[in-house]
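Colleague: For the sequence shown, the UniProt record's numbering begins at 1 and goes up steadily by one. Backbone N, C-alpha and C fix where the C-beta goes; we use that ideal spot for every residue, glycine too. Quick one: this structure, given as structure tokens, is what I'll be asking you about.
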Amino acid sequence: MQWSAGTTSYSSSVHPKLRIRHVINTVGPDAPDRLLVPQRLTLDSIARAISITDSKFAVEVVAVSIPEDPTPLQWMTRGPELHRSLLDLGDFPGAPQLPLLADLLKGFDADGAWDLGIFTNLDIAVQPLFYDLVGGIADRGFDAFTINRRVVDSGPHGPELVWVSAQVGKPHPGFDCFAFTPSVLAKVDVGDVVVGAPFVGRAFVANLYLAAERYHSFTDLHATFHLGADEHWLDGTNAIIGHNFSAMSTIVKRLASEYGEERVMSAPPIRRFVERNSSELPLSRKRQHRTTGATNTRDAKHRPVSSALWRREPQRIVLIADPSQNSAGPLAEILGTAAEAWVVREPVPANTGTLTRRVGSEDLASSYNDRRVRADAIRRALTTIPAGCTCIDPSPTFLTTYADVTFDSFENLQITVLVSRRRLVDLVTEALSSDWFVEPNGSWADIAFPPTARMSMFPVHPEEIESPADLAIGYHLDQLLRIRRLQAQHTRSRWLELDPERLTGSRTVRSLFSSLNLRTTPETWRQVASFSLKQERRAQQAGRRSDEQIDVSEALRSFEHRFSGRIASASLADEFTVDGQR
1 MQWSAGTTSY
11 SSSVHPKLRI
21 RHVINTVGPD
31 APDRLLVPQR
41 LTLDSIARAI
51 SITDSKFAVE
61 VVAVSIPEDP
71 TPLQWMTRGP
81 ELHRSLLDLG
91 DFPGAPQLPL
101 LADLLKGFDA
111 DGAWDLGIFT
121 NLDIAVQPLF
131 YDLVGGIADR
141 GFDAFTINRR
151 VVDSGPHGPE
161 LVWVSAQVGK
171 PHPGFDCFAF
181 TPSVLAKVDV
191 GDVVVGAPFV
201 GRAFVANLYL
211 AAERYHSFTD
221 LHATFHLGAD
231 EHWLDGTNAI
241 IGHNFSAMST
251 IVKRLASEYG
261 EERVMSAPPI
271 RRFVERNSSE
281 LPLSRKRQHR
291 TTGATNTRDA
301 KHRPVSSALW
311 RREPQRIVLI
321 ADPSQNSAGP
331 LAEILGTAAE
341 AWVVREPVPA
351 NTGTLTRRVG
361 SEDLASSYND
371 RRVRADAIRR
381 ALTTIPAGCT
391 CIDPSPTFLT
401 TYADVTFDSF
411 ENLQITVLVS
421 RRRLVDLVTE
431 ALSSDWFVEP
441 NGSWADIAFP
451 PTARMSMFPV
461 HPEEIESPAD
471 LAIGYHLDQL
481 LRIRRLQAQH
491 TRSRWLELDP
501 ERLTGSRTVR
511 SLFSSLNLRT
521 TPETWRQVAS
531 FSLKQERRAQ
541 QAGRRSDEQI
551 DVSEALRSFE
561 HRFSGRIASA
571 SLADEFTVDG
581 QR
């Protein structure tokens, strides 16, 4: 997800400033060095960040601690005192006084209103622009999000802020920085889970995921950091871990009662918890199957959950990135002939055209919630298919309209993206046979937007357009850049390039099916033959239409000459190779 905090705009007509309240569980001067050293580093980093935070953000830091521990620094606000701990919840010989997460969150009940809450552990330091970053994310419409820390080493002379903050470090999968609005926090139920032990982060994230209108997990930001990969909680007793496991199980059960089991199982932290601990599930494992189709989302609480979501074997999703938008449907039909495959049959949403136009003219965040409709269709299909099946989305508008939302919605499932990869000259030749690429002020198909659109990744001004070929070339360069951006953002997904024209060969088809763990059937080859025939007809039509309009090779050379600077800066020069020549 691309955005710049420097371009955000917070409406002063609502509040003069976005009020950020940051709550931390602090310790006193008698605490062990393993707590005092990182706390000192954390508070130094926070003070530095506050000193340079943009004036449109007002930051308040609240310290929550036991009564005998003083507030570490004068500029911090003292929050509610802690009067209970893990030791009050059972018999834990030799265990530390670990506080309850629910008690720490009472720091947000302190006097004064706030618009965005931040909760971090005392050993999580922040980068100088941290508050500008989280404020900017909130300004973009996210009402809850998490930021994963990066692990750094002590400097050559010990843990000095200037040394450790400059390190790139390594990403860490744990949850330890949580952001949310007051309305989201009001719905949070973290039970009796305690901090400093496994399952605490998962319990909090599960709540945020379910309570928020728009939640996101930022796993690759260099915004927070932690000294070393010290997991001291792993030295805790089984009794402490068992307590948090039991608390997490109770939380899952309560959330399922409130949100419905299907919705709860869509939350990645809960799904992983259930899959890894299937023998001790708090919920019933008896499920029914239903047919795929349109579903009333208001009945979500009462829908059955497929047994696939309760098994250890993860489900798989295949998405199709097809710039030409001609191959996605037929390719999905071919793959759907496998017994292990399940094609999402719901029709493309009626408002797709409107959404696509908004993607071309507005920041992605402004239409994010509306563009969830396709991910919802995939999610409904996932609740019905058997375990081990592959869900295939045939949407031709995935790349243009729904990509970011789809990846966000299923970031913890196995995703494979089939990229339809053809020569630019062939794409343009075929494109010119359609009715899309008319003059700049003409109409465009609802499933695409021209390179003259404001949000095109290869922007072309209307006055620079000399022919319909310029529109076709600019459009396909935009699509290529979108694919590159998605590949860079979603490295955990598997990306397979495929030339649809080669699907007529049995070797290519068998290789594709094998790479997706699918098996061909007699119906597979009937679909391949049908697709081959359609490709031949389309190629013949494209050849006739392009001959009547323009020499595509000459158009490519002209475009490359006129836009050489933009092409070079986007590293797209190789796309203009025709038959091995430039």
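#1: Three-state secondary structure (DSSP) at K170?
#2: Please state the DSSP three-state secondary structure of G136.
#3: So, at 8 Å on beta carbons, what are the nonlocal neighbours of E340 in its own chain, with the 5 sequence-adjacent residues on each side left out?
#4: Pull up the distance between the alpha-carbon of P451 and that of S571, whole angstroms please.
#5: Please classify Y259: does DSSP put it in a helix, a strand, or coil?
#6: For V151, which residues of its own chain have a beta-carbon under 6 Å away from its beta-carbon, when the five flanking residues on both sides are left out?
#7: Is the CB-CB distance between A448 and T352 below 8 Å?
#8: Check whether the Cβ atoms of L496 and V419 lie closer than 8 Å to each other.
#9: So who's on the other strand from Q414, going by DSSP bridges?
#10: For Q74, does the count of other Cβ atoms within 10 angstroms reach 16, so buried, or fall short, so exposed?
#11: If I241 and A197 are in contact, beta carbons under 8 Å, what's the gap, nearest whole angstrom?
#12: Look at the alpha carbon of K17 and the alpha carbon of R379, and state the distance between them as a whole number of angstroms.
#13: Which first and last residues belong to the alpha helix (DSSP H) in which S51 is found?
#14: For L533, is the classification buried or exposed, using 16 other Cβ atoms within 10 angstroms of its Cβ as the cut-off for buried?
#15: Tell me which residues share the same chain as N244 and place their Cβ nearer than 7 Å to its Cβ, disregarding the 5 neighbours each side in the sequence.
#16: Nearest CA to the CA of T416: which residue from R422, R485, S493?
#17: Please state whether the Cβ-Cβ distance between Q39 and P72 is less than 8 Å.
#18: Inspect the beta-carbon positions of V373 and P269 and report whether they are closer than 8 Å.
#19: With three or more beta-carbon pairs closer than 8 Å as the criterion, would you say the region 31-46 touches the region 110-128?
#20: Tell me, please, whether the region 176-189 touches the region 131-150 by the rule of three or more beta-carbon pairs shorter than 8 Å.
#21: Have a look at S12 and K56 and give me their C-alpha separation to the nearest angstrom.
#22: Buried or exposed for G474, going by 16 or more other Cβ atoms inside 10 Å?
#23: Which of the three DSSP states is assigned to L221 in this structure?
#24: In or out: R507 buried (at least 16 other Cβ within 10 Å) or exposed?
#25: Within its chain, find whatever has a CB closer than 6 Å to the CB of A300; leave out the 5 residues flanking it on each side and keep chain order.
#26: Nearest-angstrom Cα distance between R557 and D370?
#27: Confirm, please, whether the CB-CB distance from D69 to T26 is below 8 Å.
#28: Using the Cα positions of V59 and Y131, report the straight-line distance between them to the nearest angstrom.
#29: If you draw a straight line from the alpha carbon of G336 to that of R358, how long is it in whole angstroms?
#30: Counting along the chain, where does the alpha helix (DSSP H) carrying G117 start and finish?
#31: For A328, which of helix, strand or coil comes out of DSSP?
#32: Expressed to the nearest angstrom, what Euclidean distance is found between the alpha-carbon atoms of A377 and P394?
#33: Quick check: is the beta carbon of D393 nearer than 8 Å to any beta carbon in chain C?
#34: Roughly how many whole angstroms lie between the Cα atoms of S361 and F458?
#35: Output needed for V254: all residues of its chain with C-beta closer than 8 Å, excluding positions within five of it in sequence on either side, in chain order.
#36: Do you know how far the Cα of V274 is from the Cα of R285?
Modeller: By the coordinates alone:
#1: In the structure shown, K170 sits in a strand (DSSP, three-state: E or B).
#2: helix
#3: Taken in chain order, the residues that qualify are G388, C389, T390, N517, L518, R519.
#4: 17 Å
#5: helix
#6: Here the set comprises G169, K170, H172, H226, A229.
#7: no
#8: yes
#9: R316
#10: exposed
#11: 6 Å
#12: 38 Å
#13: 33-52
#14: L533 is exposed by the Cβ-count criterion.
#15: V193, V194, A197, P198, F199, V200
#16: S493
#17: The Cβ atoms of Q39 and P72 sit closer than 8 Å to each other.
#18: no
#19: yes
#20: yes
#21: At S12, the pLDDT of 37 sits below 50, so the modelled position is not reliable; the number obtained from the coordinates is stated separately. The straight-line gap from Cα to Cα measures roughly 9 Å.
#22: buried
#23: coil
#24: By the 10 Å Cβ count, R507 comes out exposed.
#25: With a pLDDT of 34 at A300, under the threshold of 50, the predicted position of this residue should be treated as unreliable, and no value is reported.
#26: Rounded to the nearest whole angstrom, the C-alpha separation of R557 and D370 is 40 Å.
#27: Less than 8 Å divides the Cβ of T26 from the Cβ of D69.
#28: 8 Å
#29: 31 Å
#30: Not the alpha helix (DSSP H): G117 falls in the beta strand (DSSP E), residues 116-120.
#31: helix
#32: So the two alpha carbons sit approximately 11 Å from each other.
#33: Among the chains in the structure shown there is no chain C, since it carries only a single protein chain.
#34: 14 Å
#35: The sequence shown places Arg at residue 254, rather than the Val named in the question. Closer than 8 Å at Cβ, skipping near neighbours: D189, G191.
#36: Residue confidence for R285 is low, a pLDDT of 39 falling below 50, so the modelled location carries little weight; the figure read from the coordinates is stated next. One C-alpha to the other measures close to 11 Å.
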